[in-house]
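Each residue of the sequence shown is one higher than the one before, starting from 446 at the first, in my numbering. Note sheet for the following structure.
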Amino acid sequence: MTTRDRYGLPATLAGTNHLGKQLAAKRRAAAKGIAAEENGEIPAAQKQPKSELISSKKAVFVRCSALQWCKANGWEPFNFQRETWAHIAEGKSGLVHASTGSGKTYAVWLGLLNAFAKHPAAPSLKVIWLTPMRALATDTTKALARAAEEMGTGWRVEARTGDTDAAQKTRQTKALPDALVTTPESLCLLLARPDAFEILSGLRAVVVDEWHELLGNKRGVQTQLALAHLRNISPKIVVWGVSATLGNLEQAKQVLLGAHGAGELVSGLEPKTLIIDTLLPASIERLPWAGHIGLKMLPEVIREIESCASTLIFTNVRSASEIWYQAILNARPDWAGLIGVHHGSLSKEVRTFVEDGIKSGALKAVVCTSSLDLGVDFLPVERVLQIGSPKGIARLLQRAGRSGHAPGRPSRITIVPTQAIELIEAAAARTAAHAKRIEARTPPHAPLDVLVQHMVTLGLGAGFVPDALLEEVRTTHAYADLSRAAFDWCLQFASDGGALAAYPDYHKLVRGDEGSYRVQNPQIARRHRMSIGTIVSDGAMEVKWQSGGRLGTIEESFIARLKVGDVFSFAGQVLELVRVRDMAASVKKSKRKTGIVPQWGGGRMPLSTELAEATLAILGDMAQGKDASPEARAIRPLIDVQLKRSALPTPHCLLMECITSDEGAHFYCYPFAGRLAHIGLAALVGWRASEHDPTTFSISANDYGFELHSAAPFDWEKLIANGLFDPRGVHDDIVSALNATELAKRRFREIARVAGLIFQGFPGAPHSTKQLQVSSALLFEVFQNHDPDNQLLQQAREESLRQELDLERIREALQRMHTLPRIITTPARFTPFSFPLMAERLRDTVSTESLSQRLQKLAAALEKDAG
């Protein structure tokens, strides 16, 4: 079978910018009218003239249809691509959902060229192609430009992102291309231009690539608002989403199209060979713990890398990618220059160098994070390794698609367990993936901080009339039921800052005599343009060579713990800190081989509901002696220890363990609801228990369950009988159990930055994290004391429970805990399931080195006891 790239083109032609001899011959034939559409191959509405000569200043183009172009490239379009072309030709909008590397991009792009590039037209912006990542823009632009050129459209295709140089942006300010590949943030900057209506009035289509990455977050809401405004400017535009690995397709389409949701859903899940296996360890620890990251598997990982020409090694967190890169390089120093590291905190130059190395086949392996999850075309990649559990089916499938990234090529991903119980997760992930049990992405509902930002953005441009904007905003899925009162509050807040009315900096929108609202203060306008977007991260400090050159960014809190001369690992280098000045850390290469590794916030991914259910199902089978998978057979010794000392959690019963040790009493519960929900559940259960018998609990949680540690034991059976797991009143009890105000403060910091209440500083002079924290805390106190009905405060409280603790999943878990049959065991020793939770709790009070020694000592004693 012919090897093809991600766009469905033969690999021999992929990446070329000119026509091969065969294609040139076919186009010459097309120019003479020889090539013709085959009867019935595409709808009549899609058919175009057999050929058409188009003159331009640079070249003579031979116009051909999408079908002719595909055939000239030796490619037969898939049915879903033809279907998409037909829908676009009829002026319909929709969503294309297909597996990674199946040709989704050309399904939409060639349809747009067929429909909108039929005749020569004056240069103007006709298509906006939205991508969630700047890294995708370059690849996407090249692919779109190649097809546009070879089909003879004469269209100019360019990118405009934060990485676009100033000269090109200046050219685009004077004359935008026919098709623009950009990000949601850069699109909003276009909407903020005074001439937005003029430059966007000729727009014919908007494509949202990788829609699954935007759907469940505020960037997706920002995109919805931008699309609604674009429809207002150019009412006839068609909107298409391009997506993979989605579980809630119909909802995803409705969110994309809003009130215009009667679009088409095109499924392109062509049969594709998917191989999911597990790298089995030589031996299984019967008492595993989380935290060590599986480096015992290093020899096996190196053997797998050796066996392939090109491998991507995914980790779930950036710190793990740095650790694994250094470990591989130390084990195989002869691979220096043949392996790389890639994650979002590295500089554009470093990331581009690594990406080019993968594409060209110059790199044998790259250790990476989600920064390479999305659709950059890495055709040479043969194999994907996933370090640790992927924690979700969608993530597993997305990463698997990085190998065999073309139609007809198999995709293979191998899971490398970092601790023994992850073997069960690996088997469960394979089962759920083959059954296509993919997670849904839940879209946010009416975040007012995003709406406030959108109002100011429009105020920078032509301005807006409130009644018209409210009507426009309500066409989005996110704000379909937005009340007039909430809209008016946002407008008033953007105009005077509420309790901050005494400060002119918060008077952003000014009402004109004609009733429209605009931004009139140039300083406010400049600050807002630099703050557009909903991506909020902790304060980052630039890392650069002492001699010049940028490596990337590290969270400020990490650098603050270092002193001059300390050594740390970053960007695949062992670095020595030279000095810290003006939010930048200057470094030089260290002669040492290892250094401490930065820890970035937001690293831990919770186990998804789908993967948790699949894991429990396998445990249920193993409780009955059924070891159907290689992973189950490998982990049987550990399961036997668990069964000997206690029992197994299954889909049909809730397991709890009560253990007494020299440290006190330990209560373990295993709802399998994910780490975030377990933190909230532990706090809730502990608070309810202490209401009956006042005490202090220490808490730990992981993806499988939680621990409550106290000095004295509790009668848990009696507490459960008295309603300990009652799902009623869970919201109020959670608020009482936790420091809800502190949670809301942390969430408010992000909301305040999105809503424009906090300015992060100008380039080269950013504000420190401490400054931002102090500013947001002061604002929180001001609103709480002087404006208690502030809608952003309420949003912070709701988001803190929903996103920090996953309140809905807590409710669902509590309902199951309340109704499921329960098993309470009293093991004499720690069990394989309780041991990781005990280790998690000790981690907060014991140094890393001491923790490792202590756990190894405990494990050795327990192993001896187990025989």
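Idealized CB from N, CA, C, for every residue including glycine. Computed from a predicted structure; not experimentally measured.
Please classify residue i: does DSSP put it in a helix, a strand, or coil?
i	result
A1305	helix
S805	helix
H922	coil
L575	strand
K1190	helix
G943	helix
C509	coil
I869	helix
A428	Past the edges of the chain, shown from 446 to 1312, lies residue 428, and the structure says nothing about it.
C753	coil
Y951	helix
L896	helix
S816	helix
T609	coil
L694	helix
T627	strand
M596	coil
R929	helix
H1176	helix
Q864	coil
K1163	helix
W685	strand
G556	helix
A1110	strand
Q1298	helix
Y770	helix
Q669	helix
A534	helix
V746	helix
H788	coil
Excluding the five sequence neighbours on either side, which residues of its own chain have a C-beta within less than 8 Å of the C-beta of residue i, listed in chain order?
i	result
R1120	R1049, P1051, L1052, A1146, N1147, D1148
T628	L575, T576, P577, M578, R579, A582, T606, G607
I866	P733, I1080, L1083, Y1149, P1277, F1278, P1281
W514	L555, A592, E595, M596
Q1301	none
D1138	F1159
Q843	T545, A689, T690, D818, L819
If residue i sits next to residue j, beta carbons under 8 Å apart, how far is it from one beta carbon to the other, in whole angstroms?
i	j	result
I533	L512	With a Cβ gap of about 14 Å, I533 and L512 do not count as contacting.
P888	G661	6 Å
A1128	V795	At roughly 41 Å, the Cβ-Cβ gap does not stay under 8 Å, so A1128 and V795 are not in contact.
A673	V918	7 Å
I784	L774	7 Å
H890	G703	That belief does not hold up - the Cβ atoms of H890 and G703 are roughly 14 Å apart, past 8 Å.
Quick one: residues in its chain with C-beta nearer than 7 Å to the C-beta of residue i, no 5 flanking neighbours on either side, listed in chain order?
i	result
R847	L757, L817, F823, V826, V829
N462	Interpretation of N462 is limited by its pLDDT of 32, a score under 50 that renders its predicted location unreliable; the figure taken from the coordinates is listed afterwards. Contacts found: R591.
V1032	V988, W990, Q991, L1020, E1021, L1022, V1023
A1162	One detail in the question is off: residue 1162 reads as Glu in this sequence, not Ala. Cβ neighbours of E1162 beyond the five flanking positions: I1269.
M1067	A1077, I1084, L1093
Residues in the same chain with beta-carbon distance under 6 Å from residue i, minus the five sequence neighbours each way, listed in chain order, please.
i	result
T876	A1059
E1076	T723, L868, A871, A872
Checklist entry - Is it a yes or a no for the segment 989-1001 touching the segment 767-775, going by three-plus beta-carbon pairs under 8 Å? => result no
Checklist entry - What are the complete alpha helix (DSSP H) segments, minimum 4 residues, inside the segment 1019-1092? => result 1054-1068, 1075-1090
Checklist entry - Which runs of the beta strand (DSSP E) spanning at least 3 residues fall entirely within the segment 1122-1148, listed in chain order? => result 1143-1146
Checklist entry - Do the segment 822-837 and the segment 754-763 make contact, defined as three or more Cβ pairs closer than 8 Å? => result yes
Item to check | Sufficient close CB pairs (3 or more, under 8 Å) joining the segment 830-841 to the segment 1051-1071 | outcome: yes
Next on the checklist: Check whether the segment 964-982 and the segment 949-956 are in contact - that is, three or more C-beta pairs closer than 8 Å.
Outcome noted: yes
Checklist entry - Are the segment 598-605 and the segment 542-556 in contact at 8 Å, needing three or more beta carbon pairs? => result no
Checklist entry - How do the segment 1240-1252 and the segment 1166-1181 stand: do at least 3 beta-carbon pairs fall below 8 Å, yes or no? => result yes
Next on the checklist: Across the segment 1219-1226 and the segment 1160-1178, are there enough close Cβ pairs to call them in contact, namely three or more that are closer than 8 Å?
Outcome noted: no
Checklist entry - If we count Cβ pairs, one from each stretch, closer than 8 Å, do we get three or more for the segment 699-715 versus the segment 524-533? => result yes
Next on the checklist: Using a Cβ distance threshold of 8 Å, determine whether the segment 904-911 contacts the segment 683-690, with at least three qualifying pairs required.
Outcome noted: no
Checklist entry - So does the segment 1083-1099 actually touch the segment 1130-1137, counting three or more Cβ pairs closer than 8 Å? => result no
Checklist entry - For the 8 Å Cβ check, are there 3 or more pairs between the segment 892-907 and the segment 1104-1116? => result no
Next on the checklist: Can you confirm whether the segment 936-945 touches the segment 1232-1244 when touching is taken to mean that 3 or more C-beta pairs between the two stretches lie within less than 8 Å?
Outcome noted: yes
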